[in-house]
Every structure is written in structure tokens, then in C-alpha cells.
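Working notes, structure below.
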Amino acid sequence: MTTTPQTAAHEKARAFSTGLDMISRFNAATRQGLADDNTLLNLYNLCEQLGIQDKLLHLDSDITITTGFDTGKRAPTAGTIGLVLSNNQDEPVTLASVTPNGSQKPLIIDRMQPSALIIGTLDGNRELIAIDDTLENAVMLAQCLINDNVTILVSLDSLLFNGMVKHFAEVAPVTIFTTIDKKDKVCKPLAGCNVKAVITVFDVLLQLDNHSTYADILADDDTTILDLQAEIWGEPEPLANDPSKPTPYPIEAFKGLLKHVVQAIAHYSQVPDAMAGQCVLGALAHMGQRFIDAPMGHGHMPTSLILITEGESGSGKTQAMGLTHFKIKEYERQQYSNYLDDIAAWDSEKAGLKGKELAQFLEDNPKPQNPKTLFDDATIEPILDRFISGEMNNASWTTDEAGQFFNGHTMTGDTAGSALSALTKLWSDGEVSRLRSQKSAYATPQTDAHSVRMTLLLQGQRVVLEQALTDPLMNGQGFLARALIACPPDLRGHRVWDDAKRRNDSPYDNPHLIEYWSRCQSLLDPLPANEPTTAQGQPQRIKMQWADGAEQVFCSHMQGIENRQANGQTLEYLKAYASRMAENASRIASLMAFFEGRKVITIDDITRAFMLVEYSTAERLRYLDATPTGEQNDSEKLSSWLVDKARGKNPPMLNRTDAYNGAPKPMRKNNKVLQNELDNLESMGHIRQMEDGKKKVIYISPKLLI
Numbered sequence: 215m216t217t218t219p220q221t222a223a224h225e226k227a228r229a230f231s232t233g234l235d236m237i238s239r240f241n242a243a244t245r246q247g248l249a250d251d252n253t254l255l256n257l258y259n260l261c262e263q264l265g266i267q268d269k270l271l272h273l274d275s276d277i278t279i280t281t282g283f284d285t286g287k288r289a290p291t292a293g294t295i296g297l298v299l300s301n302n303q304d305e306p307v308t309l310a311s312v313t314p315n316g317s318q319k320p321l322i323i324d325r326m327q328p329s330a331l332i333i334g335t336l337d338g339n340r341e342l343i344a345i346d347d348t349l350e351n352a353v354m355l356a357q358c359l360i361n362d363n364v365t366i367l368v369s370l371d372s373l374l375f376n377g378m379v380k381h382f383a384e385v386a387p388v389t390i391f392t393t394i395d396k397k398d399k400v401c402k403p404l405a406g407c408n409v410k411a412v413i414t415v416f417d418v419l420l421q422l423d424n425h426s427t428y429a430d431i432l433a434d435d436d437t438t439i440l441d442l443q444a445e446i447w448g449e450p451e452p453l454a455n456d457p458s459k460p461t462p463y464p465i466e467a468f469k470g471l472l473k474h475v476v477q478a479i480a481h482y483s484q485v486p487d488a489m490a491g492q493c494v495l496g497a498l499a500h501m502g503q504r505f506i507d508a509p510m511g512h513g514h515m516p517t518s519l520i521l522i523t524e525g526e527s528g529s530g531k532t533q534a535m536g537l538t539h540f541k542i543k544e545y546e547r548q549q550y551s552n553y554l555d556d557i558a559a560w561d562s563e564k565a566g567l568k569g570k571e572l573a574q575f576l577e578d579n580p581k582p583q584n585p586k587t588l589f590d591d592a593t594i595e596p597i598l599d600r601f602i603s604g605e606m607n608n609a610s611w612t613t614d615e616a617g618q619f620f621n622g623h624t625m626t627g628d629t630a631g632s633a634l635s636a637l638t639k640l641w642s643d644g645e646v647s648r649l650r651s652q653k654s655a656y657a658t659p660q661t662d663a664h665s666v667r668m669t670l671l672l673q674g675q676r677v678v679l680e681q682a683l684t685d686p687l688m689n690g691q692g693f694l695a696r697a698l699i700a701c702p703p704d705l706r707g708h709r710v711w712d713d714a715k716r717r718n719d720s721p722y723d724n725p726h727l728i729e730y731w732s733r734c735q736s737l738l739d740p741l742p743a744n745e746p747t748t749a750q751g752q753p754q755r756i757k758m759q760w761a762d763g764a765e766q767v768f769c770s771h772m773q774g775i776e777n778r779q780a781n782g783q784t785l786e787y788l789k790a791y792a793s794r795m796a797e798n799a800s801r802i803a804s805l806m807a808f809f810e811g812r813k814v815i816t817i818d819d820i821t822r823a824f825m826l827v828e829y830s831t832a833e834r835l836r837y838l839d840a841t842p843t844g845e846q847n848d849s850e851k852l853s854s855w856l857v858d859k860a861r862g863k864n865p866p867m868l869n870r871t872d873a874y875n876g877a878p879k880p881m882r883k884n885n886k887v888l889q890n891e892l893d894n895l896e897s898m899g900h901i902r903q904m905e906d907g908k909k910k911v912i913y914i915s916p917k918l919l920i
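Using the working numbering, read the sequence shown as starting at 215 and increasing by one per residue.
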């Protein structure tokens with residue numbers, strides 16, 4: 215909204231003055247002067263019956279147009295009937311010239327001023343019905359509804375109808391009629407206005423002419439009544455933290471092929487989107503961490519992820535992971551088979567060699583190393599040892615039995631703290647340090663590994679995860695602060711097994727999954743020319759870069775997260791977790807871009823990545839039940855206050871200054887906190903922040919006022 219109030223008032227005063235001037239120049243029309251024009255006679259009789267005076271004038275001369283596009287022109291109005299058109303204050307602002315028994319359209323003197331031929335009164339107690347039809351039909355409708363306590367607003371030009379309706383809707387609710395086939399065309403231009411649309415199968419006038427009453431039409435089962443003011447507002451999202459209600463998963467965070475893959479896996483495995491999405495991210499991290507690093511600040515970091523997903527036994531965890539990791543497991547099996555062949559050949563060549571020959575053979579032919587990089591049942595120490603020994607640079611602990619990780623010997627023994635510390639350092643820096651006594655059976659001169667990567671995809675039952683997610687050591691060591699958490703709804707009891715079409719629909723025939731697996735294969739086993747290397751031919755990871763504007767968007771999200779860690783804000787008690795949100799977003803965006811064959815992160819990439827991070831944060835808060843039961847959070851307090859202050863106003867709105875001065879604490883007179891909460895309410899569909907001239911105003915969703 216940009217109209218300046220003073221300008222609007224000036225234009226209104228000028229239009230009113232012009233309207234009075236025109237009316238004072240002409241005499242009221244007489245019955246004899248209507249030349250037996252049935253429509254004008256019926257309108258004349260209606261005005262007499264309703265006690266309305268001076269709505270029809272006898273125009274005995276041409277009128278010089280003084281406002282609008284045609285200023286200075288003379289309108290051929292001599293010998294016609296003038297219909298007085300008024301504004302929403304029932305003040306005359308212009309005239310419409312009608313030739314009795316003529317076929318031409320009425321000539322409106324000033325088309326710039328919103329106005330209507332008002333058949334009835336604007337006393338606040340009558341329903342305003344706006345008509346976009348011929349004058350004849352409008353008069354017929356008024357005759358039919360004369361006893362229904364309504365006032366008819368007639369637009370004498372279809373091009374001016376929407377402006378007229380919006381103008382009158384500024385002061386009172388307006389009703390419009392349309393049929394089902396014209397619903398969108400009629401209603402869409404008026405969405406958001408204080409307008410009620412009565413949508414019928416048959417034309418209202420036709421039904422009234424066939425002896426239906428207005429009340430009958432409104433009560434008809436085939437009649438739909440829409441509140442157009444509420445039409446542009448979605449359903450306001452709940453603001454309270456409800457630990458029992460899973461956070462909606464942002465499937466739109468994925469796009470293109472990956473979105474189709476998440477949806478296909480959810481369909482074939484009959485699992486929630488969140489479980490499928492977590493498995494896809496685990497697969498991307500396993501493949502991508504080998505090739506790329508994500509930007510952060512003035513440097514780069516690993517793209518490894520820690521993903522924790524809640525899912526009960528039999529909920530579909532295994533099936534979902536089987537599809538996302540299909541090519542990864544196939545590749546692992548092939549590599550292991552090749553390894554067995556290599557080790558057998560190596561043993562065969564070594565057999566029979568002794569002394570110097572054996573020593574030379576071992577120097578020239580190191581023993582083949584097990585290529586396994588995907589683990590589902592292990593302990594942490596041997597995995598760290600394999601990094602240090604140089605047997606592998608990239609690995610994933612991927613399991614649908616998270617108890618093997620959380621309840622294993624390492625995590626329940628005295629070494630749990632050091633193991634968690636090692637995993638957090640591995641996630642953050644890609645480094646492993648492990649020092650043993652040189653007198654032990656496991657003594658080795660190698661103690662460190664650099665530029666190694668490890669992703670964790672852990673899925674387990676609530677009885678396992680609940681203990682872990684509330685464990686002080688897990689939280690204190692920063693392990694969970696780095697994790698992306700999902701606790702989706704359990705679909706058991708709602709899955710379909712007896713549908714023949716679903717049963718015969720194989721995931722291995724799905725074109726999106728086939729394309730996904732093909733891309734996975736090319737990432738797992740790339741051509742030598744596609745593997746990044748140093749000038750010396752050593753493996754090297756690509757440093758992903760920001761596209762123009764993407765880093766600023768990233769930093770803006772970081773700032774928003776920072777602000778939400780202040781006292782009284784949503785992340786006040788989750789600071790360690792919040793501090794890692796941006797890092798995880800950069801990693802996810804990098805992996806998504808790399809999967810699509812790009813080395814640059816776009817604004818769209820990072821925006822969608824933050825959706826997944828915010829989802830995980832909401833799930834973490836839900837698990838912690840951060841808001842005490844029954845206590846309103848700040849967003850709820852502000853929304854309730856705004857609704858209370860806007861109730862009864864038309865339209866429901868408030869000046870932002872009033873909110874600044876009167877909102878509940880801690881928003882009151884705290885511009886930063888208030889703006890954060892207003893932005894949150896807008897994102898949740900409770901309000902809209904707009905400008906009215908130089909003022910900032912807040913519009914409240916009509917759906918909150920019901």
C-alpha cells in the first residue's frame with residue numbers, strides 16, 4: 215500500500231465538490247422525462263419506495279469533464295438522464311449519462327473516482343451487494359431483494375467493478391455473486407479484500423426470478439460462500455512447541471532428481487519423507503566427502519554428516535537405506551571381491567619365497583588392503599586405526615541398528631569420552647590422533663591421520679535414541695551438537711500391502727531411481743580424469759565456492775541463528791547445537807551442488823539446505839521439550855496481543871509503532887526482539903508486514919479473528 219493519506223483525502227474532497235457542483239446544475243428527473251424507459255422507470259419507483267432522492271437527474275446540457283484522462287472534453291450528455299454515482303461515504307462524486315431507450319453503454323463522466331450507483335442506504339445495518347451487470351439486471355435484482363435489508367452497489371462499467379468493490383470494502387463488508395464456472399475470474403482479483411463471494415450453480419437473478427428467496431439461495435447445498443479476505447492467507451501454523459507432534463519435513467528442500475528420489479523411496483519403502491531424506495543425505499555424504507570440501511569463513515571444512523533418525527523395528531529403515539545405498543553396497547561388494555582375488559594372488563606369489571627374495575617381494579608388492587569403507591557393525595577404535603594406518607581416507611558408519619553404536623563397548627565404557635572427542639574432531643577437521651604405548655601388542659609408530667572423512671548414518675528405536683539424545687556426555691562432548699536429527703511419525707498401521715498395483719510397481723524399474731543409481735555409480739567409480747589431484751598427482755578435494763550473493767544469504771541465516779541464541783529466544787538453551795547449524799547447511803548445500811555436477815553453491819542451494827537444518831533444529835527442540843507445558847512462548851504472546859488489538863478493525867491491522875510501544879515483554883520497546891518475532895509470525899502465516907506511505911503497518915490474518 216503506497217497511498218498517502220493526505221493525498222487521498224484531497225482527491226476525495228475534490229471529487230465530492232465536483233459531484234455536488236454537477237448535481238446542483240441539474241434538476242431532478244421526472245417520471246415523464248424518462249420516456250417510458252422501463253429500466254429507468256423501475257429505478258425511479260425503487261428510489262421513491264426506499265426514500266432515496268436525487269439519484270436520477272435530467273441533463274439538459276453537455277458536461278465539460280474536469281477530472282481524469284478526458285479533462286477538458288465535452289461529454290454529449292444533453293437530453294439524457296444522469297445517474298448520481300457516490301463514494302463509500304455516500305457522497306456524490308460523478309454522474310453516469312444514460313439515454314432513455316438507448317442501446318449504448320452509460321457514459322461515466324469521471325472514471326478515475328471509485329463510485330457506484332447506490333440503490334439503498336449506507337447505514338451500517340444493511341448488507342452491501344455489488345453487481346457487475348447491466349443496469350436493467352441490477353434494477354431487477356434490487357426489486358427482488360427490496361425486502362431483504364440489502365443495498366445494491368451497481369457498477370455501470372465492468373472495467374471499474376473491482377475498483378468499486380475494493381473502495382466500498384474499505385468501510386464495510388461487500389457481497390458479490392458469481393457462478394462456479396466464473397469463480398476464479400471473479401474472485402481472484404478481489405482476494406484479500408473484505409468481500410464475501412456467494413458462488414452458485416445457476417445465476418442468482420435467474421433463481422430469484424424462479425421464486426427462490428435470497429435465504430433459500432444461501433442455504434442451498436450447492437452454494438459456496440467464500441471469505442475472500444481470508445483467501446490469500448494460508449492456515450496459520452501453530453506457534454507452540456508440541457513434543458508429541460512431529461515437525462513437518464521440508465521435502466521442498468530437495469529439488470529435481472533428488473526430490474523425486476526422496477519421494478520414490480518414501481513410496482516404495484512406505485516410510486516418512488524424513489527417513490527417506492536422511493538416508494539420501496547419508497548416501498550423498500558418503501560419496502561426496504571423498505571429493506569435496508565445504509566453504510566456511512575464510513577456509514573449507516569436510517562435508518561429512520552425522521545423521522540420527524528415529525524409527526521403530528519394522529518401520530522400514532532397512533528398506534529405505536537399501537534403496538539409497540543400493541549402488542554404494544554394490545560397489546563395496548565388487549571392491550571386496552576384487553580384494554579377495556588380489557590377496558589370493560599375492561599369497562600365491564609369496565608362497566615359496568624366502569630370504570632376500572621374500573624381502574624384495576614384500577618391498578615391491580605391499581599386501582593388498584581391505585577396501586571396506588561402509589561399516590554397520592564395528593567399534594570406533596579399529597576404524598580410527600585404519601585411518602591412521604592409511605588403509606582408508608573415507609568411511610561411513612551406516613546402520614539401521616543404532617544400538618550397535620550407542621550401546622557398544624566403546625560408548626558404554628571408560629573410553630566413551632575420548633571416542634566422542636575423536637569423532638567430533640574427525641567431523642570438524644578431518645583429523646584423527648591416537649597414541650598408544652609402544653610396549654603394547656598394538657604398538658605402532660603412526661599416531662595421526664589428516665584429511666580423512668567419516669559420515670555417520672544412525673537409525674534406531676526410541677528406546678535407544680532417547681537415552682543417547684539426553685545423555686550429558688553425548689551433549690557435553692559436542693557430538694550431538696553436530697548431528698542432524700529426525701524423529702518422523704511411525705507409519706505402521708497406515709501402510710498398504712494388499713494393493714496389486716503397488717505390489718507390481720518395482721523400485722528397480724523407477725526411472726528416477728535408475729537415474730540416481732547411475733549418478734551414484736559415476737561418483738563411486740569415476741574416470742581417472744574426473745578425480746581431482748594435485749600437481750604431483752596426489753588425490754585432492756575440490757574446494758566448493760559461493761556463487762554471487764550466496765555467501766551473503768548464508769551469513770544472513772547465520773545472523774538469524776545468532777540472534778535466536780539470546781536470552782529469551784528459541785535457541786537460548788541450545789547454543790552448542792545452534793552454533794553448528796550453519797556448518798551443516800554449508801555441507802548439505804555443497805553435497806547437493808556436487809551431486810548435480812557443479813562446483814559452485816547458489817543462493818537456492820544454501821536456502822534449501824537451511825530448510826533441512828531448521829527442520830533438524832525443530833526436532834531437537836521437540837525432543838528437549840524446550841518450552842514448558844502450558845506456558846506461551848514469545849511468538850504466541852505477540853500473536854495473541856496483535857489479534858486482540860486488531861479485533862473489530864476493518865481491515866484488521868495495527869501500526870508497527872503501536873506494537874513497539876505496547877507489545878508484551880520482551881518485545882515491548884525492544885526493536886530487535888520485536889522484529890525477530892514479527893518475522894517469525896509472518897513466516898508462520900499469522901501476519902503480513904507492509905508499508906502505508908511512510909508508515910509501517912501489520913496486517914493480521916482474518917483466520918485468527920474467527
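The beta carbon of each residue, even a glycine, is placed where N, CA and C say it ideally should be.
What do you reckon, are the CB atoms on residue i and residue j nearer than 9 Å?
i	j	result
Ala860	Phe824	no
Asn607	Val666	yes
Val364	Leu257	no
Cys734	Ile542	yes
Thr465	Val475	According to the sequence shown, residue 465 is Ile rather than Thr. Their beta carbons are not under 9 Å apart, which means Ile465 does not touch Val475 by this criterion.
Ala792	Ile775	yes
Glu810	Leu495	no
Ser300	Ser275	no
Val412	Phe382	no
Leu359	Leu270	no
Lys402	Pro387	no
Ile343	Met236	no
For residue i, which residues does DSSP report across the bridge?
i	result
Asp599	Asp599 pairs with nothing; no bridge assigned.
Gly513	Met510
Val494	The partner list for Val494 (beta bridge, DSSP) is empty, contrary to what the question assumes.
Phe647	Checking the sequence shown, residue 647 turns out to be Ser, not Phe. Answer by DSSP bridge pairing, in chain order: Asp662.
Ala289	Ile277
Val312	Ile295
Tyr258	According to DSSP, Tyr258 bridges with nothing at all.
Helix, strand or coil for residue i, going by three-state DSSP, please let me know.
i	result
Glu786	coil
Met867	strand
Pro725	helix
Glu615	coil
Phe391	strand
Thr221	Here Thr221 scores only 45 on pLDDT, less than 50, and its place in the model is too uncertain to base an answer on.
Gln574	helix
Leu370	coil
Arg717	helix
Ile479	helix
Leu918	helix
Lys399	helix
Phe375	helix
Trp760	strand
Asp684	For the sequence presented, residue 684 should be read as Thr rather than Asp. In the structure shown, Thr684 sits in coil (DSSP, three-state: anything other than H, G, I, E or B).
Quick one: what's got a C-beta closer than 6 Å to residue i's C-beta in the same chain, skipping five residues either side?
i	result
Ile901	Leu895, Ile912, Ile914
Met772	Ala796
Lys757	Asp507, His514
Val827	Met795, Asn798, Ala799
Asn885	none
Apart from the five residues just before and just after residue i, which ones in its own chain have a Cβ nearer than 8 Å to its Cβ?
i	result
Thr843	Caution is warranted here: a pLDDT of 42 is assigned to Thr843, below 50, making its placement in the model unreliable, and no coordinate value can be reported.
Glu571	none
Asp762	none
Asn376	Pro403, Leu404
Ignore the nearest five residues each way along the sequence and tell me which others in residue i's own chain have a CB closer than 7 Å to its CB.
i	result
Thr313	Thr294
Lys813	Ile756, Met758, Gln759
Asp417	Thr393
Item checked: Within the region 408 to 476, ranges of the beta strand (DSSP E) (whole runs, at least 3 residues) -> 409 to 414, 438 to 441
Next item on the list: Note down, one range per segment and in chain order, each beta strand (DSSP E) of at least 3 residues found wholly within the region 327 to 365.
Entry: Those beta strand (DSSP E) runs which fall completely within the region 327 to 365 and span 3+ residues are 331 to 333, 341 to 346.
Checklist line | Runs of beta strand (DSSP E) wholly within the region 516 to 571 (minimum 3 residues, chain order) | finding: 520 to 524
Next item on the list: Identify every run of the beta strand (DSSP E) within the region 799 to 883, keeping only runs that are complete inside it and at least 3 residues long; order them along the chain.
Entry: 867 to 869
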